[in-house]
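Trainee: Last residue of the sequence shown: number 162 in our numbering, and the count goes up by one each step with no gaps. The beta carbon of each residue, even a glycine, is placed where N, CA and C say it ideally should be. Since this is a predicted model, take the numbers as computed values, not measurements. Could you have a look at this structure, given as structure tokens, before my questions?
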Amino acid sequence: MLNRLLLVCCVVLFSSCKEKKSTVIINEREVKESLIEINRAKVRLENNQIDSYVNRHGWPVLTTGTGLRYYIYERGEGRSAKSNMTATVEYCVTLLSGDTAYTSRESGPQDFLINMDNVESGLHEGIQYMKVGDRAKLVLPSYLAHGLVGDSKKIPPRTSIVYDIKLVSLR
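Here it is in structure tokens:
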């Protein structure tokens, strides 16, 4: 009798502790398509913000296939920048809000190896449209700048940036 009572208690105890599990079926393809569409919408919004910014300033920018906008507003007489050259630049980096993030007036002219150094991909692309002595405005969408994470200092995540840049020299 005690054994039966103990058995019934165990059965009741185990059945009450049992979790009811629900099955969720996730369609990976639908999730991927949804994320892609969300990202496309964010890129469209960012491009509209950039276009609005450029129009407010009246800049006659050219837009590349990657989405970089550039406008050379002062022409130099030097040679053209090419991949694997070291470029020396003076610059001022601002956000679309007009806030200054970085400037070479504080840090001095900067050198970088075109298409090799760890600078924004939009800067590598934009500098190759320039000649020594050129001054230009480069508007980099976030995906050509600091992307989804920003630079963890002065540029927030998913932020477009504007370079006012002068190509000082090439070597």
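Can you check which of these residues, S143, I152 and P132, is closest to K33 by C-alpha distance?
Mentor: Checked all of S143, I152 and P132; the closest Cα to K33 is P132.
Trainee: Between P100 and the rest of its own chain, which residues show a CB-CB distance below 8 Å, the 5 nearest in sequence each way excluded?
Mentor: Around P100: T79, V80, E81 and V159.
Trainee: Less than 9 Å separating the beta-carbons of I156 and A92?
Mentor: No. Outside cutoff.
Trainee: Keeping to the same chain, check which residues put their C-beta closer than 6 Å to that of C83; ignore five residues upstream and five downstream.
Mentor: Counting only Cβ-Cβ distances below 6 Å, and skipping sequence neighbours, we find T94 and D155.
Trainee: On the premise that R60 lies in contact with I41, defined as a C-beta separation below 8 Å, what is that separation, rounded to the nearest angstrom?
Mentor: Correct: roughly 6 Å between the Cβ atoms.
Trainee: Distance, Cα to Cα, V22 vs L36?
Mentor: Cα to Cα, the separation comes out at about 21 Å.
Trainee: How far does the beta strand (DSSP E) with D42 in it extend, from its first residue to its last?
Mentor: Careful: D42 lies outside any beta strand (DSSP E), inside the alpha helix (DSSP H) at E19 to H48.
Trainee: Would the segment 126 to 140 count as touching the segment 100 to 109 if we require 3 or more Cβ pairs under 8 Å?
Mentor: At 8 Å Cβ cutoff, the stretches do not touch.
Trainee: Which same chain residues end up closer than 7 Å to V45 when comparing Cβ atoms and leaving out the 5 residues on each side of it in sequence?
Mentor: Only V52, R60 and V130 meet the Cβ criterion.
Trainee: Is the beta carbon of D125 less than 9 Å from the beta carbon of R47?
Mentor: Contact: no.
Trainee: List the endpoints of the continuous alpha helix (DSSP H) containing L114.
Mentor: Its alpha helix (DSSP H) spans residues S112 to I118.
Trainee: Any idea which residues DSSP pairs I156 with across the strands?
Mentor: DSSP lists Y82 and A127 as partners of I156.
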